[in-house]
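Here is the structure we will look at, set down as C-alpha cells.
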Amino acid sequence: MALAPTATLGPSLDLSPEHEMIRQTAREFAQKEIAPIAAHFDETGEFPAETIRKMGALGLMGIEIPEEYGGAGLDTLSYVLALEEICKADAAHGTIMSVNNSLFCYGVYRFGSEAQKQKHLRAVASGKAIGAYSLTEPMSGSDAGTMRSRAVREGDVYVINGRKSWVTSAPVAEYIVLFSMTDPDRQHRGITAFLIDTKLPGFVLGKKEPKLGIRASATSEIVFEDYRCPAECRLGEEGEGFKIAMSVLDAGRIGIASQALGIAEAAYEASLAYAREREAFGQKIGQFQGIGFKLADMKTRIEASRLLIYQAALAKQRSKETGSRFTLEACMAKLFASETAMFCAHAAVQIHGGLGYSKELPVERYFRDAKITEIYEGTSEIQRMVIARQELGIK
Ligand code: COS
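This is how it looks when you write it as C-alpha cells:
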C-alpha cells in the first residue's frame, strides 16, 4: 500500500534514492562543518552565524517552502531526515533550523498573504534572514491562551505592548511571528498573530535566557513598547491567532521529534563504540549484560521513534493536499522521541562512566541538550494531554 508518493514502508523503511541523497548531503555537511565546532559554540554560547549561513545556502533553512518563495521545494520527509542529521552533530544548530523551518516558514506559507510571502517568507526561507516565533510569556507557558501582551488597533496600525519570553533566535531574527491579545474578553479566541519586523522602533531585546543546553541557539525575552505594527503585517484574521499558533506547533513538534532522534542516535553511537572498545574485568564492557541491555533498549527506542517521526512526516505531507490535521501523529512522535533522547543520553553518560561526565567528550552535551526536547514546543505532559483528548474525542 503506497502511503505517500515520496516514500514507501517496507519491513524497514526504504527511502527513495532522492531522500537518501538528501540525508547523505545533510550528514556530510553536519559531520564536516558542524560537529568539529559544536563544543566551542556550546562553551561560549556564541551564535554560529557562519554555519547557519552555509545551511541557508544549502537550502536547509526553508526545506519545504516552494522555490518561488526562496525555499528548497522538498517534502516533509526530506525535512525530518536533514534535521535529524544536523542534530546528530549539534542540537543547537538544529534548534535554529527547526524554528526557522517549522515555526516561521511553515506558518507564513500556510497563513500569510501573497505580499507577506514575498517579503517575509522569501528572506527567511532562503536563509538570508532568520525567523522566530513568539507565543510564551513569563506568566503563560503551557496555558498559552492566557497571554497578557496586548495589541490595540489604531487606524492602520496595531499598537503592541508586553513582554514575551523564551524566544528562540530573537537576538538574531529579522522577523518574528508574534501572538498577542487583541480582544481579552474572548480569551483564546481574542488572540491575533502578527509579523514583527525587529528593526522597527518599540521592539526591545530583553534578558538573554541562561540555558542548560542548546547553548549556541540565541534565546531571549523580547519587550514591546508601543510597537506600531502595520495592519498589513497581521497574519490571518483577528482572533485566529490561537489556532494558527497550535497548527504551527503541530509542525514544530515533528521538528523537535527529529531533533530528539538525532541526539539519541549520537548518544547511542558513542555508547556502542565505547562498549566495543573499553575493557573492564578482562572483557569488553559491552559483554556485560548491564551494558548490553542498555544498548538494546536505546536501539529499540530509537527505531520506534524513527517510525513515529516518519509517520508524522507522511501525515503532514498528506495534509498539504487534504488540509487534515496531523496533531496526533506530531504529538506522539515528539513525546516518544524526546523521552528516547533523554533515556539514551542518560544511558550514554552512565556507560561512559567518568568520561561521560567530562567535557572532553560530547556525551555530557547530549545529556544537557536532550532535556529541552521534553520541555519546549509543549512539555511531555502537554503532549500526553493532547493525545488523550484526541483519542477520547474531547477536541
Ligand atoms: N490545530 C488547530 N486548532 C487547534 C489545535 C491544533 N493543533 N489545538 C487546539 N486547537 C483549537 C481547538 O479546536 C479550539 O478551537 P475552538 O476555539 O474553535 O473551540 C481552540 O484551539 C482551543 O483549544 P483547546 O480548548 O484545546 O485549548 P486549551 O486552552 O485547552 O489548550 C493546549 C490547548 C494545552 C493543547 C495548548 O494550549 C498547548 O498546546 N499548550 C502548549 C503550548 C506550547 O507548546 N508552548 C510552547 C511554545 S513554543 S517554545
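In the numbering used here, the protein residues as written are 4 to 398.
Idealized CB from N, CA, C, for every residue including glycine.
Three-pair Cβ contact test at 8 angstroms for the segment 211 to 220 versus the segment 269 to 284: no
Near the ligand COS: Phe329 beta-carbon under 6 angstroms from a heavy atom: Counted from its first residue, the sequence shown places residue 329 at position 326. The answer is no for Phe329.
Residue from Leu63, Glu324, Ala196, Phe44 with nearest C-alpha to Ile25: As a working mapping, residue 25 is identified with position 22 in the sequence shown. Of Leu63, Glu324, Ala196, Phe44, the residue nearest in Cα terms is Leu63.
In DSSP terms, what Met184 is bridged to: Sequence index remark: in the sequence shown, residue 184 carries index 181 (1-based). Answer is Arg153, Ile194.
Helix, strand or coil at Tyr230 [DSSP, three-state]: Your numbering for residue 230 matches position 227 in the sequence shown. Of the three classes helix, strand and coil, the one that applies to Tyr230 here is strand, per DSSP.
Phe206, enclosing beta strand (DSSP E) - first and last residue: Here residue 206 corresponds to residue number 203 of the sequence shown, with the count starting at 1. Element bounds for Phe206: 206 to 211.
Distance between beta carbons of Gln386 and Leu338, contact taken as under 8 angstroms: By one-based count along the sequence shown, residue 338 stands at place 335. By one-based count along the sequence shown, residue 386 stands at place 383. That pair is a contact at about 4 angstroms.
Reference Glu377; option with closest CA among His355, Ala350, Ala263: Numbered from 1 along the sequence shown, position 374 holds the residue referred to as residue 377. The candidate whose alpha carbon is nearest that of Glu377 is Ala263.
Given Ala278 as reference, the closest of Tyr136, Ile55, Gly356 once Cα atoms are compared: Position 275 of the sequence shown, counted from the first residue, corresponds to residue 278. That would be Gly356, whose Cα lies nearest to the Cα of Ala278.
Backbone CA spacing between Gly48 and Ala318 [nearest angstrom]: Indexing the sequence shown from 1 puts residue 48 at position 45. Indexing the sequence shown from 1 puts residue 318 at position 315. Looking at the two C-alpha atoms, the distance is approximately 36 angstroms.
Ala147 beta carbon near the ligand COS (any heavy atom closer than 6 angstroms): As a working mapping, residue 147 is identified with position 144 in the sequence shown. Yes, the ligand COS has a heavy atom inside 6 angstroms of this Cβ.
Rounded Cβ spacing between Ser152 and Ser172 (contact assumed at less than 8 angstroms): Taking the sequence shown and counting its residues from 1, one reaches residue 152 at position 149. Taking the sequence shown and counting its residues from 1, one reaches residue 172 at position 169. Contact doesn't hold; Cβ gap of about 19 angstroms is too wide.
Secondary structure, alpha helix (DSSP H): runs of 4+ residues fully inside the segment 236 to 290: 244 to 280
Exposed unless 16 or more other CB atoms sit within 10 angstroms - verdict on Asp17: As a first step, residue 17 must be located in the sequence shown, where it is residue number 14. With fewer than 16 other Cβ atoms within 10 Å, it is exposed.
Inter-residue Cα distance where the pair is Tyr161 and Phe107: Here the question's residue 161 lines up with position 158 in the sequence shown. Here the question's residue 107 lines up with position 104 in the sequence shown. Taking the straight line joining both Cα atoms gives about 21 angstroms.
Nearest neighbour of Ala351, chosen from Ala333, Ile288, Arg328 [CA to CA]: On the sequence shown, position 348 is the one that residue 351 refers to. For the residues Ala333, Ile288, Arg328, the minimum Cα distance to Ala351 belongs to Ile288.
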